[in-house]
Amino acid sequence: MAIRYGFRRFRDGDDDDVDVDEFLQLLADDVMEHGDLEAAMDRLLQEGFTTAEGERVEGLRELLERTRRRRQELEREGDPDGELQKYRDRLNQIETTEAAAAEDLMAEALDSGDERRIEVTRDLVDQRAMQRDLMGDRLGERLRSFRDYEFISSEAREEYEQLVGELNSDLLATYFEQSKEMFSNPDSAELARVRNMMDALSTMIEQERRGEAIDPSFEEFMKEYGDFFPGAQTLDDVVRMMAERAAAAEAMFNSLSAEQQGELRGLFSQMMQNMDLDFSLSRLVSNLRQATPDIDWQRAHRMRGHHDGSFSDATGVAEQLGQLQGLENFLGRTRAAHGLPEVDIDAVRRHLGDDAARHLSRLQRALQGLKDRGFIDREQGRLELTAKGVRQIGQQALKDLFGQLRDSPTLGGHRVATVARGGDREETAKAWEPGEPFSLHLHQTLRNALYRQGPGTPIKLHPDDFAVEEFEAARRSSTVFAIDLSLSMAMRGNLVPAKKMVLALTQLIRSKYPRDFVAVVGFGETAQELRIEDIPALTIDYNYGTNLQHALALSRHLMRNERGERQVVVVTDGEPTAHLNDYGEPFFSWPPVAETLQRTMAEVLRCTKAGIVINTFALDIERSQFPFVEQISRVNGGRTFFTSVDELGVYVLDDFVRSRRAD
Numbered sequence: 023m024a025i026r027y028g029f030r031r032f033r034d035g036d037d038d039d040v041d042v043d044e045f046l047q048l049l050a051d052d053v054m055e056h057g058d059l060e061a062a063m064d065r066l067l068q069e070g071f072t073t074a075e076g077e078r079v080e081g082l083r084e085l086l087e088r089t090r091r092r093r094q095e096l097e098r099e100g101d102p103d104g105e106l107q108k109y110r111d112r113l114n115q116i117e118t119t120e121a122a123a124a125e126d127l128m129a130e131a132l133d134s135g136d137e138r139r140i141e142v143t144r145d146l147v148d149q150r151a152m153q154r155d156l157m158g159d160r161l162g163e164r165l166r167s168f169r170d171y172e173f174i175s176s177e178a179r180e181e182y183e184q185l186v187g188e189l190n191s192d193l194l195a196t197y198f199e200q201s202k203e204m205f206s207n208p209d210s211a212e213l214a215r216v217r218n219m220m221d222a223l224s225t226m227i228e229q230e231r232r233g234e235a236i237d238p239s240f241e242e243f244m245k246e247y248g249d250f251f252p253g254a255q256t257l258d259d260v261v262r263m264m265a266e267r268a269a270a271a272e273a274m275f276n277s278l279s280a281e282q283q284g285e286l287r288g289l290f291s292q293m294m295q296n297m298d299l300d301f302s303l304s305r306l307v308s309n310l311r312q313a314t315p316d317i318d319w320q321r322a323h324r325m326r327g328h329h330d331g332s333f334s335d336a337t338g339v340a341e342q343l344g345q346l347q348g349l350e351n352f353l354g355r356t357r358a359a360h361g362l363p364e365v366d367i368d369a370v371r372r373h374l375g376d377d378a379a380r381h382l383s384r385l386q387r388a389l390q391g392l393k394d395r396g397f398i399d400r401e402q403g404r405l406e407l408t409a410k411g412v413r414q415i416g417q418q419a420l421k422d423l424f425g426q427l428r429d430s431p432t433l434g435g436h437r438v439a440t441v442a443r444g445g446d447r448e449e450t451a452k453a454w455e456p457g458e459p460f461s462l463h464l465h466q467t468l469r470n471a472l473y474r475q476g477p478g479t480p481i482k483l484h485p486d487d488f489a490v491e492e493f494e495a496a497r498r499s500s501t502v503f504a505i506d507l508s509l510s511m512a513m514r515g516n517l518v519p520a521k522k523m524v525l526a527l528t529q530l531i532r533s534k535y536p537r538d539f540v541a542v543v544g545f546g547e548t549a550q551e552l553r554i555e556d557i558p559a560l561t562i563d564y565n566y567g568t569n570l571q572h573a574l575a576l577s578r579h580l581m582r583n584e585r586g587e588r589q590v591v592v593v594t595d596g597e598p599t600a601h602l603n604d605y606g607e608p609f610f611s612w613p614p615v616a617e618t619l620q621r622t623m624a625e626v627l628r629c630t631k632a633g634i635v636i637n638t639f640a641l642d643i644e645r646s647q648f649p650f651v652e653q654i655s656r657v658n659g660g661r662t663f664f665t666s667v668d669e670l671g672v673y674v675l676d677d678f679v680r681s682r683r684a685d
């Protein structure tokens with residue numbers, strides 16, 4: 023069966039483990055930075071990545087480079103003109119042997135002294151020499167002339183017959199590569215079978231094109247000729263197999279100069295005519311062209327090798343070059359996230375080896391794993407993070423923050439929880455997870471350790487052994503995160519950490535305090551409520567302005583029906599520079615005008631009267647530079663944290679956990 027390069031969905035079975043969570047986190051980092059999942063996926067798949075264990079997984083760009091290198095190697099192997107020259111040289115040697123035999127025959131006649139013998143021999147030798155001189159220069163013409171030539175030398179005749187047999191086998195194998203063992207020295211019956219097979223296949227293709235019933239049926243055809251097409255399951259398989267091989271033969275022809283191409287085509291035509299296959303082959307190739315419009319029948323390759331081989335070998339090289347060129351074109355023009363699932367791993371393994379196939383498999387399985395786990399989905403033709411994917415990113419961000427909190431010299435540490443008002447303590451235990459009060463359930467913790475390490479002392483505790491008492495307070499809290507989306511947040515590198523903090527804290531609230539209310543507001547020139555699922559791809563507001571007034575008003579509105587403690591967590595890197603006027607239109611000024619500060623402070627007072635606490639996290643702000651944020655805390659009673667972007671998440675998390683523990 024001809025080697026086919028195609029595109030299909032990968033199949034499982036590789037041994038490499040794929041950490042889908044790790045792949046999602048790598049993807050999330052890019053999405054957080056640039057706000058586009060599709061572009062982030064393309065970059066990650068194109069560039070590859072390094073696992074947490076330090077193992078490099080090559081991307082499609084490196085696969086493309088491997089493909090180009092392999093194509094260049096193959097171009098140095100195939101040389102159809104070299105095959106022509108090999109047969110020319112052999113025919114020249116046959117002529118030399120024939121000429122030498124003629125000279126020997128003439129010498130014997132002269133030595134005999136028999137005038138009649140000398141005359142007859144001279145006429146014979148001169149006639150044969152004239153025949154050879156008139157044979158023409160091209161290999162096909164000379165072979166045709168020798169077909170009717172009466173050899174003087176039996177050795178030359180045997181060499182010619184051997185040469186013709188090898189050429190016949192070679193030319194048949196050019197089109198029927200998988201059946202070349204059948205054509206080592208084809209006799210008339212075998213050639214008739216090849217002709218009948220080609221005619222039957224042409225008839226089937228023509229019938230299908232006309233919409234007629236196929237006769238003979240495909241099953242009958244394969245019963246008679248299936249040995250030509252091992253592995254084929256359908257008529258399309260047979261057509262594709264034959265078409266790709268025939269197109270590779272055309273590419274071999276096209277790789278030669280016009281003169282060389284003419285000589286080789288002439289040779290093929292002559293030899294096929296000698297075998298009475300020329301009409302059947304021409305008909306079949308014409309049908310194959312019509313049946314496979316997706317195949318490039320005009321392609322040519324720079325085949326400049328000097329390796330010994332055959333025309334079928336050169337065609338095989340041309341076929342591989344065509345498949346590699348198809349892969350190269352596909353990888354070069356497709357968006358990775360769209361095209362990756364369709365790349366055939368088996369074809370990559372054949373052409374580029376097991377190592378390349380292993381890298382490709384890991385990329386495919388990672389992408390498929392994201393879909394299977396429900397982390398990504400395609401919406402209106404584009405890949406999007408699902409709510410589950412966003413929650414997973416938030417969970418990882420939360421774990422990272424708790425890790426920083428535990429390692430902080432001034433913040434965090436495990437805290438013993440106090441019983442919240444209005445709840446009932448229950449003697450149940452569960453595995454401790456970040457964000458929960460560390461109310462240790464000693465009995466279950468020790469049981470976990472013993473189960474892990476086995477009986478015996480001392481008992482060595484591992485973090486995974488910790489179990490805590492399950493307890494949930496009856497009261498609720500409400501939190502709105504108000505995130506500054508002004509241009510300066512992105513320019514100073516503050517937006518990505520702010521988004522990670524929001525994802526982490528909303529995940530904590532949703533998973534550990536499901537009765538709490540949580541919302542997110544983004545504010546630039548104006549403010550708007552944001553879906554938590556949209557946070558990873560959130561980008562800045564390119565309109566000028568930091569409209570804290572509108573953000574606080576919207577936050578207050580979102581919590582208007584909530585009871586219990588209510589707070590707004592403001593994350594900003596500057597003073598208010600915009601407000602809404604009496605007509606609801608945004609007004610911007612830098613430096614900020616008095617009206618902006620007055621309207622913002624008026625909204626702070628409304629929040630204060632409504633019992634809403636405003637906690638402000640000021641990023642990279644000097645106290646003396648922006649005193650307004652401290653005025654908010656003095657009026658409202660909330661707190662202001664002056665922190666760096668690196669500590670933002672830890673500060674917000676620490677403050678939130680402390681406030682929940684104190685309830």
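Mapping of the sequence shown onto the working numbering: residues 23 to 685, in sequence order.
Even glycine gets a Cβ: it sits at the ideal position worked out from N, Cα and C.
Item	Value
Residue(s) in a DSSP beta bridge with A549	F545
Range covered by the beta strand (DSSP E) that runs through Q589	E587 to T594
Classification of Q149 by the beta-carbon crowding that lies within 10 angstroms, buried from 16 upward	exposed
Beta-bridge partners of P608, as assigned by DSSP	L602
Identity of the residues DSSP links to T622 by a beta bridge	Its beta-bridge partners do not exist; DSSP assigns none.
Assigned exposure category for E401 - 16 Cβ within 10 Å defines buried	exposed
Rounded C-alpha distance that separates E60 from L289	53 Å
Length at least 4, wholly inside the stretch 181-255: the alpha helix (DSSP H) runs in chain order	210-232 and 240-247
Euclidean distance between Cα positions of L517 and L509	9 Å
For S508, the three-state DSSP class (helix, strand or coil)	coil
Cβ-Cβ distance between R588 and D538 below 8 Å	no
Burial state of P302, where buried means 16 or more other Cβ atoms lie within 10 Å	The sequence as given places Ser at residue 302; Pro does not occur at that position. It is buried - the Cβ of S302 has at least 16 other Cβ atoms within 10 Å.
Contact the stretch 557-564 vs the stretch 583-599: 3+ CB pairs below 8 Å	no
Start and end residues, beta strand (DSSP E) containing E406	R404 to L407
With 16 other Cβ atoms within 10 Å as the buried cut-off, status of H579	exposed
For T662 and T638, believed in contact at Cβ under 8 Å, the rounded distance	5 Å
With 16 other Cβ atoms within 10 Å as the buried cut-off, status of E77	exposed
Backbone CA spacing between S577 and Q550 [nearest angstrom]	9 Å
For I634, the residue or residues it bridges with in DSSP	R588
Proximity to F488 [Cα-Cα], best of P315, S224 and A453	A453
Limits of the unbroken beta strand (DSSP E) element including R372	Run containing R372: none in the beta strand (DSSP E); it sits in the alpha helix (DSSP H), I367 to L374.
Whole-angstrom C-beta distance between V542 and I531, which should lie under 8 Å	Not confirmed; about 11 Å, so no contact.
C-alpha distance - R215 paired with Q312, whole-angstrom precision	24 Å
Backbone CA spacing between T618 and H601 [nearest angstrom]	5 Å
Helix, strand or coil at L362 [DSSP, three-state]	helix
Contact set for E652: own chain, Cβ-Cβ below 6 Å, skip 5 residues either direction	T662
Beta-carbon proximity list for G411, same chain, < 7 Å, skipping 5 on both sides	L46, F397 and I398
Rounded distance between the beta-carbons of L574 and P607, thought under 8 Å	The displayed chain sequence assigns Glu, not Pro, to residue 607. Not confirmed; about 18 Å, so no contact.
With 16 other Cβ atoms within 10 Å as the buried cut-off, status of A273	buried
Backbone secondary structure at S500 - three-state DSSP	strand
Three-way DSSP call (helix, strand, coil) for A379 in this model	helix
Closest by C-alpha distance to E55, when choosing among A151, P519 and N309	P519
Enclosing beta strand (DSSP E) for D155 [first to last residue]	D155 -> not in any beta strand (DSSP E); alpha helix (DSSP H) instead, spanning E137 to D155.
Reduced DSSP category for F173 - H, G, I as helix; E, B as strand; rest coil	coil
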